[in-house]
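> One structure follows; several queries about it will come next.
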Ligand SMILES: NC(=O)c1ccc[n+]([C@@H]2O[C@H](COP(=O)([O-])OP(=O)(O)OC[C@H]3O[C@@H](n4cnc5c(N)ncnc54)[C@H](OP(=O)(O)O)[C@@H]3O)[C@@H](O)[C@H]2O)c1
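Residue numbers (the numbering used here): 10 to 271.
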């Protein structure tokens, strides 16, 4: 992909799935990519693919739960036009109560972990000159269409995604005046290692490459909420409008998402 107005891009969770696809889709001559994750071998594999496409790539082994390390990562960049806070974990109930350790792990990674990179990014963008698109910078957080539903089979995951989606969209309202935009990315099901173990139907499943294309196109179009595929978004908005008791009964008719993040 070419033609995006941002040259300096940082992506968390770039070692797998959507993050890897976002990195590859952003790679081009003239682009500088800051790629972060915890798995060195998989991160290097993404970096090699991006370098092959002509990008300059810096890799950092980073746990997004480490606030000081995230702040140092952002501070070490020459410039930052676009941060994509993509790193995340999922976990279900397995049909029973969600374990406490999983609830904490999901919130630590998907909410605090997103803020750990997004807040330093916003601070440094506010202090830098506008770029080619007239903006000082953009922060995109990867939420989910699941965030529009209080999902009985994935309580912490659905709540964590709702939190960052609301935060990004609300913050965009005030940061626009500073020349900074925020985007809430709300994908439906994507074929990645995260969804591979799922035993329930995943309607409107798309590839990571398609999800990355739609994500970057939505950001470039300036959309505050980038939700796709359209039919998945509508389905989850409808599910979210159901009475919670009805939703709980309906969710018992399909296999629950497994416990995985504890
Ligand atoms: N797949 C879907 O259907 C779907 C739908 C909607 C939204 N999403 C969201 O999309 C994002 C990417 O998910 P995916 O499907 O691509 O899953 P994935 O293949 O499991 O990738 C998750 C990425 O997050 C990184 N990560 C996890 N915990 C981390 C931590 N503590 N510190 C740093 N990096 C961490 C992983 O890297 P390391 O293990 O190397 O650290 C990996 O690169 C997530 O936020 C997910 O919730 C996914």
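Ideal placement from N, C-alpha and C gives every residue a C-beta, glycine not left out.
Can you name, in chain order, every residue of its own chain whose Cβ lies under 7 Å from the Cβ of residue 156, other than the five neighbours on each side?
167, 170, 171, 174, 195
> Just checking residue 74 against ligand 1 - is the residue's beta carbon closer than 7 Å to any of the ligand's heavy atoms?
yes
> If contacts are defined as beta-carbon pairs under 8 Å, then residue 178 and residue 163 qualify, I think. What distance do you get, rounded to the angstrom?
That belief does not hold up - the Cβ atoms of residue 178 and residue 163 are roughly 21 Å apart, past 8 Å.
> Across the stretch 100-109 and the stretch 27-36, are there enough close Cβ pairs to call them in contact, namely three or more that are closer than 8 Å?
no
> Given a threshold of 16 other Cβ atoms within 10 Å of its Cβ, counted over all protein chains shown, does residue 75 qualify as buried or as exposed?
exposed
> When the Cα atoms are used, what is the spatial distance from residue 45 to residue 150?
15 Å
> Can you find a heavy atom of ligand 1 that lies under 7 Å from the Cβ of residue 28?
The beta carbon of residue 28 sits closer than 7 Å to at least one heavy atom of ligand 1.
> Would you call the CB atoms of residue 20 and residue 52 closer than 8 Å?
Not in contact: residue 20 and residue 52 (Cβ atoms no closer than 8 Å).
> Considering residue 224, what are the terminal residues of the alpha helix (DSSP H) in which it resides?
217-229
> So, residue 82 versus residue 71, is the Cβ gap smaller than 8 Å?
yes
> Is the separation between the beta-carbon of residue 165 and that of residue 115 shorter than 8 Å?
yes
> Answer with buried or exposed for residue 266, where buried requires no fewer than 16 other C-beta atoms within 10 angstroms of its C-beta.
buried
> I want to see whether chain C comes within less than 8 Å of residue 218, judged by CB atoms only; does it?
Protein chain content of the structure displayed is limited to a single chain, and chain C is not contained in it.
> Check whether the stretch 128-148 and the stretch 238-252 are in contact - that is, three or more C-beta pairs closer than 8 Å.
no
> With the cut-off set at 8 Å, would you say residue 228 and residue 215 are in Cβ contact?
no
> Any heavy atom of ligand 1 within a distance shorter than 7 Å of the CB on residue 95?
yes
> Between 176, 189, 26, 252, which lies nearest to residue 160 when the distance is taken from Cα to Cα?
252
> Look up residue 108 in the DSSP assignment and say whether it is helix, strand or coil.
coil
> Considering Cα atoms alone, identify which of 35, 84, 79 is closest to residue 62.
35
> Can you list, in chain order, the residues of its chain with a C-beta nearer than 6 Å to that of residue 187? Leave out the 5 residues immediately preceding and following it.
135
> What's the call for residue 123, buried or exposed, on a 16-neighbour Cβ count within 10 Å?
buried
> Among all the DSSP beta bridges, which residues are the ones paired with residue 146?
Looking at the DSSP output, residue 146 bridges to 189.
> Could you give the uninterrupted runs of the alpha helix (DSSP H) lying entirely in the stretch 153-202, keeping only those of 4 residues or more?
164-184
> Where do the N-terminal and C-terminal ends of the beta strand (DSSP E) with residue 234 fall, by residue?
234-237
> Tell me which residue opens and which closes the alpha helix (DSSP H) that residue 123 is part of.
122-135
> Where does residue 255 sit, in a helix, a strand or coil, going by DSSP?
Per DSSP, reduced to three states, the secondary structure at residue 255 is helical.
> Return yes when at least one heavy atom of ligand 1 lies under 7 Å from the C-beta of residue 268, else no.
Checking every heavy atom of ligand 1 against the Cβ of residue 268, none is found closer than 7 Å.
> Between 17, 65, 22, which lies nearest to residue 49 when the distance is taken from Cα to Cα?
22
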